[in-house]
Structures are given as C-alpha cells and as structure tokens.
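Accompanying notes for the structure given below.
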Amino acid sequence: MNQAFTPEPLLLGGHRLLYQADYLKPEAADWLLAYCKGLPWVQSRIRLYGKWHPIPRLNCWFADPGLRYAYSGASLAGNGWTEPLARVRQALQQHVQLDFNNMLANYYRDGNDSMGWHSDDEPELGADPVIAAVSLGVERPIRFRPKGGGKSVGLAMAHGSLLVMPAGFQAEWQHGLPKRQGSGERVSLTFRYIAPQ
Ligand SMILES: O=C(O)CCC(=O)C(=O)O
Ligand SMILES: [Fe+2]
C-alpha cells in the first residue's frame with residue numbers, strides 16, 4: 001500500500017503529524033512546480049571540520065520585509081514575497097490556522113541531492129516551532145527518527161502534498177531526505193515562523 005495516500009494523521013511518539021496527499025489540485029501543483037523552478041536558487045555552503053562544502057541541494061528564502069534570520073553563518077534579511085508565493089502562504093495560513101512569516105524552499109535537482117538528519121530547532125523559530133512543507137515534483141520519502149534512538153519511519157511525499165510537523169516534534173525527533181537513485185526533481189516549500197526582533 002502506498003503510504004502517501006493514507007488519510008490518517010501520522011503518530012510518531014505521541015506527536016500527531018498531518019499529511020495531506022492531495023493538498024493542491026494537480027493542475028495547481030504542476031503550475032507551482034514550473035513557477036518555482038524559476039526562483040533565484042543558490043547553492044549554500046556549510047563549514048564542517050574547518051572546510052567549506054556546498055550543500056547537496058539548492059535553496060531560496062522568502063520572508064516578510066525586515067525579518068532577519070541567521071543561517072549557516074550568514075545573516076539573511078527578508079525581502080518580501082512574490083505574488084504566487086504570497087498566495088500559497090495565504091492559503092496555507094487559512095488551511096492550518098497558523099501564521100508563517102518566512103519560507104525556506106529546497107530544490108533537489110535529482111536523487112543525488114539530499115538533506116541530512118536534522119531538527120528545525122534554531123532559536124529564532126521559538127521553543128516549539130510548527131513547520132509546514134508543501135511538496136512538488138517527484139514523490140520522495142522523508143524519514144523521521146527519535147533523537148533518543150530507535151527505528152526510523154519513512155513517509156513518501158506526493159506532488160502537491162502537505163506535511164505539518166506539530167509543536168513539540170522538533171525537540172524530540174529528527175528528519176532527513178536520503179539520496180535516492182534515479183529520482184527526478186523535487187521542490188519543497190517549508191513555511192516557518194520567526195519571532196520578529
Ligand atoms: O524537503 C523536505 O520536504 C524537507 C525539508 C526540510 O526538512 C527543511 O527544509 O528543513
Ligand atoms: Fe527540516
């Protein structure tokens with residue numbers, strides 16, 4: 001059975017994740033993916049053991065004007081939203097009844113692009129951030145694992161789907177996107193809230 005089409009919430013260690021496979025209509029998802037491919041993507045670098053390495057994916061960040069975010073040693077300043085992305089944010093805010101003031105987009109060009117295990121727990125995101133991610137392009141699994149050790153769990157994220165990681169989840173679980181041989185392009189739009197300074 002394809003997990004991507006399970007309508008039930010995913011329960012991980014008592015945390016209730018929302019996964020909605022058909023969040024966007026197929027035409028809307030197709031349009032948004034084509035649009036997102038034209039965003040000003042950059043390949044960021046991170047410093048590991050004294051050496052700089054390009055991260056294995058492309059990124060792009062949008063935020064309310066003036067919002068600041070310290071990210072991998074750089075300080076980013078919010079520059080507003082494009083009209084289509086503002087609409088996506090607005091619809092998402094209504095759908096989940098939460099406010100988001102910034103969005104980190106990820107572009108996995110193929111199956112060699114990936115994201116290592118991490119929690120989205122930067123101090124700017126506050127004590128218990130909610131992260132909402134819209135997936136576009138090829139279906140790829142995200143994996144979750146408890147920080148205290150234990151089995152990891154996968155969830156295939158479909159084109160046009162929505163995943164919401166709830167408050168409290170980042171403190172106890174990590175997630176990541178392993179490489180996937182032969183995989184095509186995927187974009188994720190991850191909406192977050194940073195407390196304005
Ligand atoms: O690509 C995804 O769906 C996950 C992205 C992610 O974990 C992040 O941007 O922090
Ligand atoms: Fe993440």
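So the sequence shown is residues 1 to 197, counted in UniProt numbering. Cβ atoms here follow ideal geometry from the backbone N, Cα and C, with glycine treated the same way. Being a predicted model, the structure only gives us computed values, none of them experimental.
Quick one: what does DSSP say residue i is sitting in, helix, strand or coil?
{"i": "P178", "result": "coil"}
{"i": "K51", "result": "strand"}
{"i": "V187", "result": "strand"}
{"i": "L39", "result": "coil"}
{"i": "A21", "result": "coil"}
{"i": "L98", "result": "coil"}
{"i": "A156", "result": "strand"}
{"i": "W61", "result": "strand"}
{"i": "L92", "result": "helix"}
{"i": "P56", "result": "coil"}
{"i": "W31", "result": "helix"}
{"i": "R109", "result": "coil"}
Please report the distance separating the alpha-carbon of residue i from that of residue j.
{"i": "W41", "j": "K25", "result": "25 Å"}
{"i": "L177", "j": "N101", "result": "24 Å"}
{"i": "M157", "j": "C36", "result": "17 Å"}
{"i": "G38", "j": "F144", "result": "30 Å"}
{"i": "P161", "j": "L155", "result": "It is Ser, not Pro, that sits at residue 161 in the sequence shown. Distance between the alpha carbons of S161 and L155 is about 11 Å."}
{"i": "L104", "j": "F191", "result": "7 Å"}
{"i": "R140", "j": "K147", "result": "22 Å"}
{"i": "H175", "j": "E83", "result": "30 Å"}
{"i": "G149", "j": "E122", "result": "21 Å"}
{"i": "H159", "j": "W173", "result": "24 Å"}
With distance defined between alpha-carbon atoms, name the residue in the options nearest to residue i.
{"i": "S188", "options": "H53, S119 and R57", "result": "R57"}
{"i": "V138", "options": "G111, Y193 and I131", "result": "G111"}
{"i": "N79", "options": "Q93, A91, D64 and L92", "result": "D64"}
In or out: residue i buried (at least 16 other Cβ within 10 Å) or exposed?
{"i": "I46", "result": "exposed"}
{"i": "Q181", "result": "exposed"}
{"i": "A77", "result": "exposed"}
{"i": "F5", "result": "Per-residue confidence for F5 stands at a pLDDT of 44, beneath the threshold of 50, marking its modelled position as unreliable; the derived number appears in the next sentence. When all chains shown are included, F5 counts as exposed."}
{"i": "L48", "result": "exposed"}
{"i": "L11", "result": "exposed"}
Between residue i and residue j, how many whole angstroms is the CB-CB distance? I'm expecting something under 8 Å.
{"i": "A86", "j": "V130", "result": "Wrong, their Cβ atoms sit about 20 Å apart, outside the cutoff."}
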